[in-house]
Structures are given as structure tokens and as C-alpha cells.
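Its first residue numbered 3, the sequence shown is counted upward by one per residue in this note's numbering. Glycine is no exception: its CB is placed at the ideal position from the N, C-alpha and C atoms. To keep things clear, I will list the structure first and then write my remarks on it.
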Amino acid sequence: NDIKEVYNKKMKTASIIMQPIISVLGTFLLGLSFTMLIPGFLDLAENNLNWTGFFVSSLFTFFIGISLILINRGSNNKIEIRSAFILVVLSWLILSIFASLPFIASSGNLGITNSFFEAVSGLTTTGSTVISDLENTSRGIILWRAILQWLGGIGIIVSAISILPNLGVGGMQLFRLESSDTSEKILPRAASIATEITVLYIALSAICGISYWLIGLSSFDSLVHAMSTIATGGFSSRSDSLGGFNNVNLETIAIIFMIISSLPFVLYLKAIRGRPTDIIKDQQVRGFFKTLFIASIAVISYLIIFKDFVFFDAIRYSLFNVTSILTGTGFVTAEYDMWGTPIILVFLFITFIGGCAGSTTCGIKIFRLQIIYYNSKETIGKLISPNRVINKKYNGEHISQEITQSVITFLFIFIVTFIVLSVLLSFTGLDLITSFSAAATSISNVGPGLGSMIGPSYNFYEISDIGKWLLSAGMLAGRLEFLTLIVVFNRSFWK
């Protein structure tokens, strides 16, 4: 009887935790099912048989989504901290599975592994692809890839603003909206800001798309590349990425919007409300531009001095590709892995960095490196003057020991994951450069790798199935900020 009572109590607790999660997942799947119809109608209008795959996938996703909502009708919809961890992990995983259905059903014969890899790469805004002949791929599939990245981009921003700070993941608690308020006040505030950011996200996408269209891109190419740019995803309608257009104006506009998308979106809301100087004063923004400037100058100087590049070409190719990789977008206009070992090291380094927290970018993120720097500076200062008291602040907020420890833990897990994933990939037969760059680009959600297999001019099709599953796991882990995933897989979490 005691065992039965404990079992019933645990099942009741599990039910309370899972009911709101299942309901939210059902809502997400319902929304995903409707978005599948957009590329489906496009293929139908162009008499491409892929439209049937989109409609069947949409119907199946709709059925599962509405079922999840109905079976939890009238249940408690309050999401606790424990529920939030599970919801974040399951959201990305379940949506990736269902997003892969149109790829599986397409005429491209991608198969389950390639389809899941493409879907994960899209939703996590990584931009790595297994499709080698985009010019002959149905426009519905190309649009679906862009839609996935666009949806993933807004999901990343909303998660970074309203969920991760309250979970204390990787130092994100530094960006709590109202650090002194109770959760009852935080949630409506977060929902309000998420709505405002969604409107801003749509507006920026529209402006970017119109800008592309005005310089000569077709309506379809403008739409696809605008969604990929604002999401810092990198999926293109051409196998040669933006380099296939060979258009300086296009590259300039892309640079501008990649940078815009790499800055905290909350700062744009503050600027709209009459506080535009907050963007300039923000330490993370200043750190991002310093990193971009230093990396660009280093690459430009090297190309001019050692590779005899013309001054204009050195600036053009360096600035675009450095911006693309630093922001995690992954568009390419040149085979930068052929520029020499020093350049390869620079690009590998900025692959890890990423942009700012609260944007669509990925990687370690600027603020974490800054906090590590401040902590190291304090440690060295205490060695010199043990009794000195240092009050560390970041954008006016006190940097607590909890935040510092969380950032250090994140960085440690990031490095360990990179090493483990690189070793596992090498066991699949990949060479050292390919293994390292593939691991780096997956956990940093960047896109192109280095080397003759996955370099800027290639794709991930030749990677083995085991390698693709490993990279898919790496992309999800990187997008989930590692700690979220580790917490859910921790045994004590379920006790």
C-alpha cells in the first residue's frame, strides 16, 4: 500500500508537470502545420508534385497538435520551473521531428537522416545543408527551409528574453526583465515584450526583403534571403550562397542586416521608446563591434600583405565573410578556407564567439567572454592586493558570484562538448580539420565548416549518417545552451 501510494503520488506530480507542456507543444504543432501549407501552395501553383508531401505532412502535424490540445483541455496550464526546462528541450526536439516530414515526403529522396539534419539545421538557424543542387530543388522546399530558420530565429529571441533568464542558464539571469519582481509580474511583462519583439522581427524582415528586391533580386529570392538574414540562418536559394549573385550592393545590405540581427532586440524597443543611446552604451554591443573590427582588420591586412589582394576586394570579401561567421549566419561569398592557415584559425575562433545575447545569433556570446575577462582581471588584482574589494558591474547590474559561476560552467561544458564531438566525428572517418570545424559549426550554430568536404563551397551530404546524427545533436545542444539539456538528463531532476 505504501509503495502504491508513493507511485500514485509520483504519477500525479508527473501529470501536473506534463499537462501544460503537452498543451503548449500541441499549440506549437498546430502553428507548424499551418506554415507547411505556404510552401505547399507554392509547389501546387507551380505544378510541382511536392505539394502533396506538404499537405500530408500538414494534416498529420495538425492531427497530432489538436489531439494534444484536446486531451489536456481544462487542465492546469501553469508552467513551473521544472516544466519550463522540459518544455524548452521538447519544443526544439518535437518541432524538428515534425519539420522534417516535408523533406522526407519530397521528391529529393533525402531519407530520414538527411531530412532530420536539414530540419534541425533550419530551426536552430545553423544553416548547414545536405542539399547540393538547390537550383533544381523545388521552390517549396527552398521556401520551407527559409521559413524554418525564420521561425527558429524568433523562437530564439523569445526564449532568450522570457525563459532562459528565469532558469539561470549560462549567466542569462543577468538579463532578467524585472529581477526584483515575482514570477506573477515577470510572465505578463515577458509576454508583452515577446509580442513587441515579434512585431519588430516581422518589420525588419520586411525591410530587409524590400531592400533586396530594390537592388534587383527576384521577389522569391528576396523573401528567402530576408528570412535567412534576419534569423542569421544562412540558408540560400543558390548552391553558391550569396556569392552566386556576385552583387556588391546585395552583400552590403546583408552585412547591415546581419549586424542588426546580432544585437539585443530589447535595445531596439528601448530606442523606439526614446532611448536610442542605450544601444551605444551597452557593453555587449561595444564588445561585439570591437570583435568585428579587430577580426576584419586582421583578415584584410593579411590578404593585402600576403595574398596580394586588391584593396577593395580585400575589404569586400573579408568584411562580408567575417561578419557572416561571427554572427553565425553562414552566408559565403568566397572560399576563405583557401586563404591560408592564419585565416582558417581566425575564422575558427570567431565561429565560437557569436553575437549578443537576446539576438538571433549563437555561439558562446560576447557577454560571457566579457564576464570571464572581468573575473580574470579581478582574480589577478586580488593576487596583487588581497584585501582589495572590487564591485563588478555589467551595464550597471552587479555581477554576482552566481552569474560568474554559471558562465564559467557554461564555457567548460561548451569546450568539453566540442572536444568530445570532435573525437566522435573523427571515429566516423573524418580528418582532423573536418572533425574540428564540423563540431565547432554545429554547437555554435554557424553553418559552413572548413576543408574539402564541408568547406564554404561544399555541403554536409558526404558526412556519414552517424556523423549527421551526432551533428544534429550538437546543433540542438548548442541552441539549448547546453545546460538546459544537461539539467533535463540529470537523474536528480526527476526525483
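The beta carbon of residue 348 sits closer than 7 Å to those of 297, 300, 301, all from its chain and outside the five residues before and after it, given in chain order. Across the set 155, 48, 98, the C-alpha of 155 shows the shortest separation from the C-alpha of residue 364. Counting the other Cβ atoms within 10 Å of the Cβ of residue 123 gives 16 or more, which makes it buried. For residue 393 and residue 381, the gap between their C-alpha atoms comes out near 12 Å. Short of 7 Å from the beta carbon of residue 426, and not among the five residues preceding or following it, lie these beta carbons of its own chain, in chain order: 472. Short of 8 Å from the beta carbon of residue 376, and not among the five residues preceding or following it, lie these beta carbons of its own chain, in chain order: 394, 396, 401. It is roughly 23 Å from the alpha-carbon of residue 158 to the alpha-carbon of residue 439. By a beta-carbon distance limit of 8 Å, residue 234 contacts residue 260. Their separation comes to about 6 Å. Residue state for residue 214 is assigned as helix, using DSSP reduced to three classes. For a cut-off of 8 Å, the C-beta gap from residue 128 to residue 357 is around 14 Å, too long to register as a contact. Here the alpha carbon of residue 224 sits roughly 29 Å from the alpha carbon of residue 455.
Put simply, of 484, 483, 436 the residue whose alpha carbon is nearest the alpha carbon of residue 462 is 436.
Following the DSSP letters along the chain, one finds residue 260 inside the alpha helix (DSSP H) bounded by residues 250-263. The way I'd put it, the region 242-250 does touch the region 320-335; three or more beta-carbon pairs between them come closer than 8 Å. Here the alpha carbons of residue 408 and residue 121 stand approximately 30 Å from one another.
Taken through DSSP and simplified to helix, strand or coil, residue 399 comes out as strand. Distance from the CA of residue 50 to the CA of residue 442, rounded to the nearest whole angstrom, comes to 37 Å. For residue 139, there is no enclosing alpha helix (DSSP H), as DSSP gives it neither H nor E. Within the model, the alpha-carbon separation for residue 372 versus residue 288 is close to 11 Å. Residue 200 sits in a helix when the DSSP states are folded into three classes. In this structure, the CA atom of residue 491 is about 19 Å from the CA atom of residue 417. CA-CA distance, residue 22 to residue 351, rounds to 41 Å. DSSP places residue 476 in the uninterrupted alpha helix (DSSP H) bounded by 467-481. With respect to the 8 Å criterion, residue 342 and residue 311 are not classified as neighbours on the basis of their beta carbons.
Its chain contains 84, 87, 489 as the residues whose beta carbon lies nearer than 8 Å to that of residue 495, once the 5 sequence neighbours on both sides are disregarded; these appear in chain order. Looking at 214, 305, 251, 205, the one whose alpha-carbon comes closest to that of residue 267 is 205. Unbroken alpha helix (DSSP H) runs of no fewer than 4 residues, entirely contained in the region 268-314, are found at 279-283, 285-308, following chain order. Of the candidates 107, 227, 136, the residue whose Cα lies closest to the Cα of residue 151 is 227.
Closest in C-alpha terms to residue 272, from the list 148, 199, 430, comes 199. One thing to note: residue 176 has its Cβ no nearer than 8 Å to the Cβ of residue 217. Beyond the five residues adjoining it in sequence on each side, residue 116 comes within less than 6 Å, by CB distance, of 132 in the same chain, given in chain order.
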